[in-house]
Every structure is written in structure tokens, then in C-alpha cells.
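Numbering (the working numbering), first residue to last: 112 to 200. So the structure is just underneath, and the comments pick up after that.
Printed below as a string of C-alpha cells:
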């Protein structure tokens, strides 16, 4: 969603994946989005993973997740109020 007051966002959130596993983001919105790991509060990517631009009603390529177990916050670089978490375990 491009509206910060909307209840819409990443779904499911959180999502769990095996170390080094892949995720495909399915953008069911009518706007471009990204899924970029990092600090959502400052909109600062950390380089752990990035879907790149995912067009409206399209899917990202498979994105490899980190091999180190933990919780990874991600956000949309175009709409930083959209935040999600990937748990690697």
C-alpha cells in the first residue's frame, strides 16, 4: 500500500525461512515496492538482501536469504512505513 494509514502491508509478516533459503515477493498492489533489509526507521539498507523494484502485480526473482540465523527487518525503499521481518532459522 502507498498509504501509511492503511492496514495493508507485507503478508505474511513475519515469515520464516531456512538459512540460505529463497523468498519470492508477490506484489499484489498497484504500485512499485521493494523488500530491502536494513533499518526501517532511518530507511538505511544493510545489504543483507534486496528484492529490487517489484512492479505492480508482479513477483520478484527468488532472493537468497542470509545463512546466519536471526531476525532481519526489511522495508520498502519507496514507502519506508511498509516494514516486515524475515526470521532465518
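For every residue, glycine included, the Cβ atom is placed at its ideal position computed from N, Cα and C. Keep in mind it's a predicted model, so treat the numbers as computed, not measured.
In whole angstroms, what separates the C-alpha of residue i from that of residue j?
i           : j           : result
residue 146 : residue 178 : 18 Å
residue 176 : residue 162 : 11 Å
residue 183 : residue 142 : 24 Å
residue 160 : residue 151 : 14 Å
residue 149 : residue 122 : 18 Å
residue 193 : residue 144 : 9 Å
residue 167 : residue 153 : 25 Å
residue 165 : residue 158 : 17 Å
residue 140 : residue 119 : 10 Å
Should residue i go down as buried or exposed, given a rule of 16 or more other Cβ atoms within 10 Å for buried?
i           : result
residue 155 : exposed
residue 171 : buried
residue 195 : buried
residue 169 : exposed
residue 127 : exposed
residue 197 : buried
residue 188 : buried
- What residue ranges within the segment 117–189 form continuous alpha helix (DSSP H) runs of no fewer than 4 residues, ordered along the chain? Counting whole runs of 4 or more residues, the segment 117–189 contains no alpha helix (DSSP H) stretch at all.
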